[in-house]
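Worksheet: one structure, shown below.
In this note's numbering, the protein residues as written are 105 to 600.
As structure tokens, this is what we get:
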């Protein structure tokens with residue numbers, strides 16, 4: 105009998121469900137978008153019912169393709185938008201409020217007060233994260249304070265809390281399992297990185313009851329079985345779970361320390377495997393759990409840095425400045441000029457992320473002259489996407505104290521050859537683009553397949569992974585230093 109793994113990739117703007125066969129080939133996928141809710145400036149919500157409905161619609165549509173019989177699905181893997189927080193009723197699985205999305209800034213004042221009270225150092229030491237509304241803890245606190253009737257339901261033991269992975273597993277198992285994997289738990293600001301358990305001091309600080317939180321489990325193991333899922337038979341093992349960026353790292357077969365990947369999406373996320381070493385960054389990066397394979401497996405840790413604006417900068421060229429009609433046109437426009445012509449773009453359209461962490465910074469376009477053309481602005485935009493990633497990767501090298509390996513790339517913008525060559529040049533490191541760029545889905549499939557023994561070890565998966573193209577460094581060291589200096593000067597002006 106043929107064997108397939110079904111992966112659920114639950115993202116910020118929609119859900120994707122895909123099938124991978126036992127040879128590691130992605131055979132088909134289906135995507136469904138759902139509405140984004142903006143109840144106030146700076147607030148971002150999702151309706152949990154929309155999240156679950158989009159997943160069910162994807163499953164049904166995928167199975168209608170006839171790639172496999174439902175009985176041939178041997179495991180389910182889940183990867184998800186991280187940090188987004190939900191509350192639901194244990195009795196019926198219905199959400200008690202909208203989900204508070206990772207992008208939402210409604211808890212800024214609460215986090216600033218905790219900083220003023222001197223709690224940031226302790227939080228950083230225990231969790232590897234910054235004290236920021238980005239992470240789940242303050243979102244749970246807000247939901248508990250602002251959800252009608254939650255006090256009564258808590259007294260009755262009916263409130264369940266979790267991130268998106270936990271909510272999906274609850275729905276997939278008809279409420280039999282309330283769990284979250286260690287990679288997602290590490291993004292809540294409530295889990296102690298060393299013990300990989302909910303930390304009593306953090307729970308007390310954020311006033312989140314342990315009783316409402318899910319059990320923390322490995323990323324690859326049988327965590328539960330399907331029950332009453334439309335289109336699927338009961339009893340399929342749910343055997344792999346990881347947050348989206350950790351799943352992408354696994355999908356890129358970055359299994360050794362100093363292996364790193366960069367996902368070029370709306371923002372860019374760079375994650376480096378640090379192995380068994382729990383490394384606290386001194387350079388403005390985050391420490392997180394990458395994954396844990398099996399109950400007895402040791403955790404693998406990672407350093408992470410994210411730039412808030414990457415592909416979003418190209419969208420701004422299209423929608424804001426209307427320099428291009430399609431996002432894909434930016435490469436051809438940028439190729440109309442030999443270089444950036446002295447134009448510098450700092451893409452702080454929503455502040456600056458790692459390693460600068462300047463949320464109040466705003467974008468700047470400088471160095472314009474009478475000779476500046478549309479192509480120079482396009483070229484400066486691609487340069488900026490690459491240069492901000494280079495800042496993060498150099499910070500990673502400073503933290504680990506050694507030169508990184510060639511960087512593996514994925515995400516939609518990784519298809520832009522000029523951007524990839526620019527990234528290799530300003531970084532001074534080789535880039536490798538894989539044949540399968542849907543790396544989050546691949547990572548979820550691999551974790552689930554390992555969880556049920558479809559593949560025995562990560563070494564088998566490493567043989568499945570294949571490169572599509574390598575980008576070698578074409579810029580000399582002198583030109584690289586000059587380009588970096590121009591960027592840093594523009595960055596200083598932005599940060600003043």
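The beta carbon of each residue, even a glycine, is placed where N, CA and C say it ideally should be.
Contact between the stretch 131 to 145 and the stretch 111 to 122 is present, with at least three C-beta pairs closer than 8 Å. Following the DSSP letters along the chain, one finds residue 585 inside the alpha helix (DSSP H) bounded by residues 581 to 599. A contact is defined here as three or more CB-CB pairs under 8 Å, and the stretch 528 to 543 meets this definition with respect to the stretch 497 to 514. In this structure, the beta-carbon distance from residue 176 to residue 108 falls below 8 Å. The C-alpha of residue 404 lies about 9 Å from the C-alpha of residue 360. The stretch 292 to 310 and the stretch 203 to 211 do not touch, with fewer than three beta-carbon pairs separated by less than 8 Å. Burial state of residue 305 is exposed, judged by a 10 Å Cβ sphere holding fewer than 16 other Cβ atoms. For residue 406 against residue 496, the beta-carbon gap comes to about 13 Å, at or over 8 Å, which does not count as contact. If you look at residue 178, you'll find it isn't in any alpha helix (DSSP H); it sits in the beta strand (DSSP E) that goes 177 to 184. Taking 4 residues as the shortest admissible run, the stretch 105 to 191 contains the following complete alpha helix (DSSP H) segments, listed from N- to C-terminal end: 152 to 168. Take the alpha-carbon of residue 492 and the one of residue 452: they are about 10 Å apart. Setting aside the 5 residues that flank it on each side, residue 471 is surrounded in the same chain by 446, 447, 448, each with a C-beta closer than 7 Å to its C-beta; the list follows chain order. For residue 508, no beta strand (DSSP E) segment is defined, and its DSSP state is neither H nor E. Take residue 435, set aside five residues on each side of it, and the residues of its chain with a beta-carbon closer than 6 Å to its own are 520, 522, in chain order. Taken through DSSP and simplified to helix, strand or coil, residue 563 comes out as helix. Residue 298 places its beta carbon less than 8 Å from that of residue 382. The DSSP assignment places 478 to 504 as complete runs of the alpha helix (DSSP H) inside the stretch 447 to 516, in order along the chain (cut-off: 4 residues). Taking 8 Å as the cut-off, the beta carbon of residue 273 is found closer than this to the beta carbon of residue 328. Inclusion of residue 371 and residue 321 in the CB contact set at 8 Å is not warranted, their separation being larger than that value.
Rounded to the nearest whole angstrom, the C-alpha separation of residue 502 and residue 264 is 41 Å. Inclusion of residue 544 and residue 348 in the CB contact set at 8 Å is warranted, their separation being smaller than that value. When secondary structure is reduced to three states using DSSP, residue 568 falls in the helix class. Residue 450 holds the alpha-carbon nearest to the alpha-carbon of residue 599 among 476, 478, 450. Of 229, 574, 315, 332, the smallest CA-CA separation from residue 160 is found for 332. Taking 4 residues as the minimum length, the alpha helix (DSSP H) runs contained wholly in the stretch 375 to 426 are 415 to 423, in order along the chain. With contacts defined by Cβ atoms closer than 8 Å, residue 193 and residue 262 form a contacting pair. Contact annotation: residue 181 and residue 357 have beta-carbon atoms that are not nearer than 8 Å. Bridge pairing for residue 302: 295 [DSSP]. Here the C-alpha atom of residue 179 lies approximately 13 Å from the C-alpha atom of residue 277. Linking residue 110 to residue 580 through their CA atoms gives a straight-line distance of about 45 Å. Counting C-beta pairs closer than 8 Å gives fewer than three between the stretch 556 to 576 and the stretch 362 to 369, which falls short of the contact rule. For residue 229 and residue 166, the gap between their C-alpha atoms comes out near 44 Å.
Secondary structure at residue 354: helix, using DSSP grouped into helix, strand and coil.
Following the DSSP letters along the chain, one finds residue 263 inside the beta strand (DSSP E) bounded by residues 263 to 267.
Between residue 398 and residue 517, the C-beta gap is not smaller than 8 Å, which leaves the two residues out of contact. Residue 438 has its alpha-carbon roughly 49 Å from the corresponding atom of residue 301.
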